[in-house]
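First up is the structure itself, then whatever we jot down about it.
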Amino acid sequence: MALEGQTCYAIARKLEKEQIPTPRASLMQAYGKYETAERAKYPNKWDQTTVRGILRNPIYLGKLIWQKTQTKSFKDKRIVARPQEEWITVEGTHEALVDEATFYTVQQRIQVKQPAPTANPENKLRGLLFCGGCNSRMEFSSATGRKICGHYCCGKHRHYGGKECSTHYISVKQINAVLLEDIQRHASLAAEDKEKYIAYLMQLSEKEWIGEKASYTKEAEQCQRRISELDILLKRLYEDNVFGRISDERFASMSADYEAESRKLKDRYNEIQTLLANYARQSRDAKEFAALVEQYTNITELTEELLHTLIEKVIVHEKEVIDGETVMRIDIYYRFIGKVGSEDDAILITPKTRRVSIPLAPGA
Ligand SMILES: [Zn+2]
147 MALEGQTCYA
157 IARKLEKEQI
167 PTPRASLMQA
177 YGKYETAERA
187 KYPNKWDQTT
197 VRGILRNPIY
207 LGKLIWQKTQ
217 TKSFKDKRIV
227 ARPQEEWITV
237 EGTHEALVDE
247 ATFYTVQQRI
257 QVKQPAPTAN
267 PENKLRGLLF
277 CGGCNSRMEF
287 SSATGRKICG
297 HYCCGKHRHY
307 GGKECSTHYI
317 SVKQINAVLL
327 EDIQRHASLA
337 AEDKEKYIAY
347 LMQLSEKEWI
357 GEKASYTKEA
367 EQCQRRISEL
377 DILLKRLYED
387 NVFGRISDER
397 FASMSADYEA
407 ESRKLKDRYN
417 EIQTLLANYA
427 RQSRDAKEFA
437 ALVEQYTNIT
447 ELTEELLHTL
457 IEKVIVHEKE
467 VIDGETVMRI
477 DIYYRFIGKV
487 GSEDDAILIT
497 PKTRRVSIPL
507 APGA
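Be aware that the sequence shown starts at 147, since it is given in the working numbering, and climbs by one per residue.
The following block contains the structure:
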């Protein structure tokens, strides 16, 4: 259900309606464990958090994860969360109930905030489109009144006006045409010669990746250097304060500044590490993507499920005029393989789509 884009809330309501007992209620029935009276009264009262917890549980991939939490200390038995790097994951402990691709699609779908009941079926790209100017989400407008067709525009522009970002207007028809064409092309290439296609993907993502890896690695090093500098500064500051060389107020304000900076750098450092890890995985996942896209060889229409299965995000850039024609650059980031490089190749043409925009209809 989540794969089809249903919200956790909607799934919870459905389970409740069908009188499916909650995990806790099943436990109670099986073992007769003590529970609060409230819960015993409503054994079928599903909560959206419970649904989300189940959907996000990697146990369905055949993995077991240990040490997600720890007690605060030997004496203090309160439970605190551990950082993700310290988790212990064991793969293949049992047969997976769902495959990895489905699992990750569901993760992305339940992350998107969905005002589902009123959502327009035309808005198939919900949560996937981003503005190339300011990185904010593109917002959907349906075809009403004098607007000829549904379209997307930059969310920042819509809320804060032209000073913050330009419209980045693109109609549903335009964006769908670009995506359909590109997916069809990938699908037919994968179907034609899968090995060749995989080799091509690997080679392109490596090209993209080498440049970015260097700049991320450099930034991570800079972060680390500054973090250790700040540590030294903090120690000195502390000594200065102990020996009365600076006042308590001054110590408090300066150490707060240093600590804030250090915290920010640590966050960024962790973010970069995650990015690096993701990229490393992407280059290995060309095979996985080829298998996915191959299934869509004969598609003529885009469905929401297909889009969310194949695509991670789409970035819509500002209009530019090239050779007297107004074009919009659109970057498609596919799942597993990311943005496929733009350089022309002898076998395949660039998947980064540069497309002449359809002339705006009068009144649009
Ligand atoms: Zn924008």
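Virtual Cβ for every residue (Gly too), placed ideally from N, Cα, C.
Nothing here was measured: the structure is a model prediction, and the numbers come from that model.
When DSSP assignments are scanned along the stretch 413-494, the uninterrupted stretches of beta strand (DSSP E) that are 3 or more residues long and fall wholly within it turn out to be 457-468, 471-480.
Any heavy atom of ligand 1 counts here; residues with a Cβ closer than 5 Å to one of them, in chain order, are C277, G279, C280, C300, K302, C311.
Here Y315 carries a coil assignment [DSSP, helix/strand/coil]. Secondary structure note for C299: its beta strand (DSSP E) is the uninterrupted segment 297-300.
Nearest to S287 by alpha-carbon distance, out of E338, L325, Y442, E268, is E268.
In summary, K270 is buried, with 16 or more beta-carbon neighbours lying within 10 Å of its beta-carbon over all protein chains present. In the structure shown, C280 falls within a coil segment according to DSSP collapsed to helix, strand and coil. DSSP places E285 in the strand class (E or B) of the three-state scheme.
In the structure shown, L271 falls within a coil segment according to DSSP collapsed to helix, strand and coil.
A Cβ-Cβ separation of about 6 Å places S401 in contact with L383 under the 8 Å criterion.
Rounded to the nearest angstrom, the gap between the Cα atoms of L201 and Q253 is 8 Å. Rounded to the nearest angstrom, the Cβ distance from E450 to R481 is 15 Å, too far for a contact under 8 Å.
Note that the C-beta distance between Y415 and C369 is below 8 Å. Comparing C-alpha distances from N444 to each of D328, C311, I378, Y479 shows the shortest one belongs to D328. Looking at the backbone, the Cα of E162 and that of L438 are separated by about 34 Å.
In the structure shown, the three-state DSSP call for I157 is helix.
DSSP, reduced to helix, strand and coil, places L243 outside both helices and strands of the structure shown, so it counts as coil.
It is roughly 28 Å from the alpha-carbon of C311 to the alpha-carbon of L326.
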